[in-house]
Amino acid sequence: GENVEQHPSTLSVQEGDSAVIKCTYSDSASNYFPWYKQELGKRPQLIIDIRSNVGEKKDQRIAVTLNKTAKHFSLHITETQPEDSAVYFCAALDAGGTSYGKLTFGQGTILTVHP
Amino acid sequence: DAGVTQSPTHLIKTRGQQVTLRCSPKSGHDTVSWYQQALGQGPQFIFQYYEEEERQRGNFPDRFSGHQFPNYSSELNVNALLLGDSALYLCASSSGLATQQYFGPGTRLTVT
């Protein structure tokens, strides 16, 4: 089955700096890669996603890149703000096969943005 | 536009008991997935329901079962509770074969 590894486990940055979180996946059939933000005590919130036919996607200060050959994808947050502090999870899904419902998550990255 | 809702918010049970958690999907969605999130970890897929049938299942024992109703809402049942079942149980809704899944607020289950 799919295995997703996420790094780093914790990330501390100063307000205004950029933050990068990286994930690798094992199943080459995976073709959908969402990122979720989870604040303490709250639900995971979908913040951006990318499909395997796209190499990069951007939404304001957030961008995701995908390298299918190397089987890794990354989340980039620019101009970080204190409200970006949260746990971020990457995930992978094989949308075309029999695992079309199963999101496999990474272990999470605790991002802290210091004012 | 109602989002994904779950009930109850918190639940305390004793080992060996049974529990039922409920989920209502986002308006317009017909698919419900259930995840277990242990403290400090990412969510783990339990199963997914579509058209009132279990469509996909993760690596969870048969003590975990579910149901989907004609109105697309869903229940997660856990029998013979173990201490290790203590976790946040999340449901996520999506539409048919669409990939985007939206999570509910979760039910915090504590087994003592």
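So the protein sequences, as listed, match chains L and X.
Just so you know, the first sequence maps onto residues 15 to 129 in this note's numbering.
Just so you know, the second sequence maps onto residues 1492 to 1603 in this note's numbering.
The beta carbon of each residue, even a glycine, is placed where N, CA and C say it ideally should be.
Here the structure is a predicted model, which means the values were calculated and not measured.
Listed by position along chain X, the residues whose Cβ is nearer than 9 Å to that of residue 96 (chain L) form an empty set, because the closest Cβ is around 22 Å away. Going by DSSP, residue 1569 (chain X) is part of the beta strand (DSSP E) stretching over 1565 to 1569. As the crow flies, the alpha-carbon of residue 42 (chain L) is around 13 Å from that of residue 118 (chain L).
Counting other Cβ atoms within 10 Å of its Cβ, residue 1530 (chain X) stays below 16 and is therefore classed as exposed. Apart from sequence neighbours up to five positions away, the residues of its chain that approach residue 1543 (chain X) with a beta-carbon distance below 6 Å are 1559, ordered along the chain. Interface with chain L (8 Å Cβ-Cβ cutoff): residue 1595 (chain X) is included. Residue 123 (chain L) sits buried, since 16 or more C-beta atoms from the chains shown fall within 10 Å of its C-beta. If you draw a 10 Å sphere on the C-beta of residue 68 (chain L), you find fewer than 16 other C-beta atoms in it, and that means exposed. When secondary structure is reduced to three states using DSSP, residue 63 (chain L) falls in the strand class.
Going by C-alpha positions, residue 1569 (chain X) is about 33 Å away from residue 21 (chain L). For residue 95 (chain L), same chain residues with a beta-carbon under 7 Å away, outside a window of 5 residues either side, are 29 and 127 in chain order. No Cβ of chain L is located within less than 8 Å of the beta carbon of residue 1527 (chain X).
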